[in-house]
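Here is the structure we will look at.
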Amino acid sequence: MSITIRTALVTGAAQGIGKGIALELAKDGYQIAVTDLPHQREQALQTVKEIEQLGVKAIFIEADSSNRDQMFKAVDETYEKLGSFNTMINNAGIVHVSPLVEVTEEDIDRINKININGVIWGIQAAAKKFEALDQPGKIINACSIAGLDAFQMMGIYSATKFAVRALTQVAAKELAPKKITVNAYCPGIVLTPMWDIIDAKMGEYHGVPKGETVKKYIDNIALGRGSVPQDIANLVSFLGSEKSDYITGQSIAVDGGVLTLLEDSFTAIGLELTEKPFKLEFSKAALTKILLKYFWSKSEKSISEESLDNSLYLLIATCSNSTASPYKIEDSSLYVLALENIKWKSSRISLRLE
Ligand SMILES: NC(=O)c1ccc[n+]([C@@H]2O[C@H](COP(=O)([O-])OP(=O)(O)OC[C@H]3O[C@@H](n4cnc5c(N)ncnc54)[C@H](O)[C@@H]3O)[C@@H](O)[C@H]2O)c1
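Here the sequence shown is numbered in the working numbering, starting from 2 and rising by one per residue.
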């Protein structure tokens with residue numbers, strides 16, 4: 002009896018998460034087709050070399066995910082050269098960092114073509130091949146925590162990842178009768194070249210040095226560290242395996258418990274700590290939610306309403322120590338004064354500083 006070796010195509014696997022996934026699936030025994038853009042050839046060939054060292058076959062195919070023909074050809078070539086095709090990983094993606102009001106038509110076209118169209122072409126090419134081969138298959142897409150909860154300064158990126166979540170759901174429903182499952186991974190802060198770009202761009206906008214932005218984001222991860230591609234690859238290994246056969250249409254976070262960022266929370270409730278005098282007013286429920294998330298990240302199991310006053314002090318003190326512009330506050334006595342002015346008013350807290 003001949004045993005067919007499983008084969009996966011991983012887009013954008015020259016570096017970062019794609020490379021991590023390709024290596025993990027190779028360890029699981031898959032043959033791998035690595036695709037990436039021409040300028041990434043050397044790095045992609047390095048991925049291929051590392052996979053071959055694990056004792057399985059691998060090939061590099063130059064293919065731009067945003068180009069439908071190239072994606073279909075890449076799937077055909079994978080099957081022709083490796084003899085099977087079971088798993089499609091639509092990993093390739095790019096980021097865009099800027100306030101929404103500054104986004105241009107070119108920015109939108111560029112990111113949509115890769116992050117949305119690329120995923121659609123990948124789904125189509127894989128589904129048609131699985132159908133032609135009359136076999137089940139697995140399709141796994143790169144979403145993001147930004148596809149679960151949109152990030153400031155990453156508006157159009159978040160929009161593309163919300164789209165990936167929608168496409169994953171629709172494809173799962175449409176392809177289920179053909180025994181094709183479709184799921185997505187939602188990484189948090191993975192320390193790949195993509196995060197170097199995010200850190201640099203956000204740093205430019207906020208006037209903070211290199212490394213500060215990523216540090217601030219990592220500080221809000223419950224498990225206390227930034228992610229590495231292996232964290233994501235572990236989930237993909239499971240989603241590619243038969244153990245996940247009853248799971249479809251899901252976009253699963255692998256983020257170490259990224260908590261609502263304090264900055265995002267504050268901006269969401271309209272708090273401007275740079276202006277004096279300022280007035281802070283938000284619902285007790287909102288404050289409880291922020292504090293719960295924040296203190297949970299610092300290993301506090303729960304927070305009672307009675308301890309809210311004290312917690313607010315801690316929260317503000319923490320904020321005052323934050324290096325994140327524009328929330329840097331110089332005068333801590335300000336907060337002691339502010340605390341004396343906290344008044345519970347039915348369901349709302351009002352904090353005034355004059
Ligand atoms: N790094 C993170 O923190 C993070 C978080 C959430 C989601 N993601 C998603 O995971 C995926 C991989 O991210 P990463 O951090 O490894 O990024 P990365 O920039 O480090 O690597 C992406 C790879 O994709 C390739 N690529 C880009 N456009 C392509 C195209 N049109 N055709 C083929 N290949 C192309 C690049 O050349 C590169 O090799 C992306 O979809 C990204 O949006 C990343």
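Even for Gly, the Cβ is constructed at its ideal location relative to N, Cα and C.
Quiz item: Exposed or buried, what is Gln32 when buried is set at 16 or more other beta-carbons lying within 10 Å of its beta-carbon?
Solution: Looking up residue 32 in the sequence shown gives position 31. By the neighbour-count definition (other C-beta atoms within 10 Å, threshold 16), Gln32 is a buried residue.
Quiz item: Closer than 7 angstroms: is that where the CB of Ala93 sits relative to any heavy atom of ligand 1?
Solution: Counting from 1 along the sequence shown, the entry for residue 93 is found at position 92. Yes - ligand 1 has a heavy atom lying nearer than 7 angstroms to the Cβ of Ala93.
Quiz item: Looking at Asp37 and ligand 1, is the gap between the Cβ and the nearest heavy atom below 7 angstroms?
Solution: For the purposes of this step, residue 37 is taken as the residue at position 36 of the sequence shown. Yes, since a heavy atom of ligand 1 falls inside the 7 angstroms radius drawn around the Cβ of Asp37.
Quiz item: Nearest-angstrom Cα distance between Lys139 and Pro39?
Solution: One-based indexing of the sequence shown puts residue 139 at position 138. One-based indexing of the sequence shown puts residue 39 at position 38. Going by the C-alpha atoms only, they are around 27 angstroms apart.
Practice problem: State the Cα-Cα distance for the pair Asp246 and Ile6, rounded to the nearest angstrom. | Solution: Taking the first residue of the sequence shown as 1, we reach residue 246 at position 245. Taking the first residue of the sequence shown as 1, we reach residue 6 at position 5. Each residue's Cα considered, the two are about 18 angstroms apart.
Quiz item: Using a Cβ-Cβ cut-off of 8 angstroms (strictly less than) and excluding sequence neighbours within five positions of Ile198, which residues of its own chain qualify?
Solution: As a working mapping, residue 198 is identified with position 197 in the sequence shown. Shown here for Ile198: same chain residues with a beta carbon closer than 8 angstroms to its own, the five before and five after excluded, namely Val96 and Val98 in chain order.
Quiz item: Going along the chain, which residues of its own chain have a beta-carbon closer than 6 angstroms to the beta-carbon of Gly250, five neighbours each way excluded?
Solution: By one-based count along the sequence shown, residue 250 stands at place 249. Gln170 and Ala173, listed in sequence order.
Quiz prompt | Proximity of Gln91 and Ala34 at Cβ, strictly below 8 angstroms | solution = Numbered from 1 along the sequence shown, position 90 holds the residue referred to as residue 91. Numbered from 1 along the sequence shown, position 33 holds the residue referred to as residue 34. What sits at residue 91 in the sequence shown is Asn, not Gln. For Asn91 and Ala34, no; Cβs fall outside 8 angstroms.
Quiz prompt | Inter-residue spacing [alpha-carbon to alpha-carbon] between Ala223 and Ser67 | solution = Counting from 1 along the sequence shown, the entry for residue 223 is found at position 222. Counting from 1 along the sequence shown, the entry for residue 67 is found at position 66. Answer to the nearest angstrom: the Cα atoms are 35 angstroms apart.
Quiz item: Cα separation between Glu53 and Phe73?
Solution: Taking the sequence shown and counting its residues from 1, the one referred to as residue 53 is at position 52. Taking the sequence shown and counting its residues from 1, the one referred to as residue 73 is at position 72. Taking the straight line joining both Cα atoms gives about 24 angstroms.
Quiz prompt | Closer than 7 angstroms: Trp122 CB and nearest ligand 1 heavy atom | solution = Position 121 of the sequence shown, counted from the first residue, corresponds to residue 122. It does not: the Cβ of Trp122 is nowhere closer than 7 angstroms to a heavy atom of ligand 1.
Practice problem: On a CA-only basis, which of Gly227, Pro194, Asp200 and Gly56 is nearest Gln44? Give me that one, please. | Solution: Counting from one through the sequence shown, the residue named residue 44 turns up at place 43. Closest by alpha carbon: Pro194.
Quiz item: Considering only residues of the same chain and omitting the five flanking positions on each side of Asn118, which have a CB-CB separation below 6 angstroms?
Solution: Taking the first residue of the sequence shown as position 1, residue 118 is located at position 117. Only Ser67 meet the Cβ criterion.
Self-check item: Closest residue to Asn87 among Gly225, Ile181 and Ala164 (Cα-Cα distance)
Solution: Counted from its first residue, the sequence shown places residue 87 at position 86. Among Gly225, Ile181 and Ala164, the Cα nearest to that of Asn87 is on Ile181.
Quiz prompt | Same chain only: Cβ atoms within 8 angstroms of Ala185, ignoring 5 sequence neighbours per side | solution = Residue 185 sits at position 184 when you count from the first residue of the sequence shown. Same-chain partners within the cutoff: Ile141, Asn142, Ala143, Cys144, Gly148, Val165, Arg166, Thr169, Gln251, Ser252 and Ile253.
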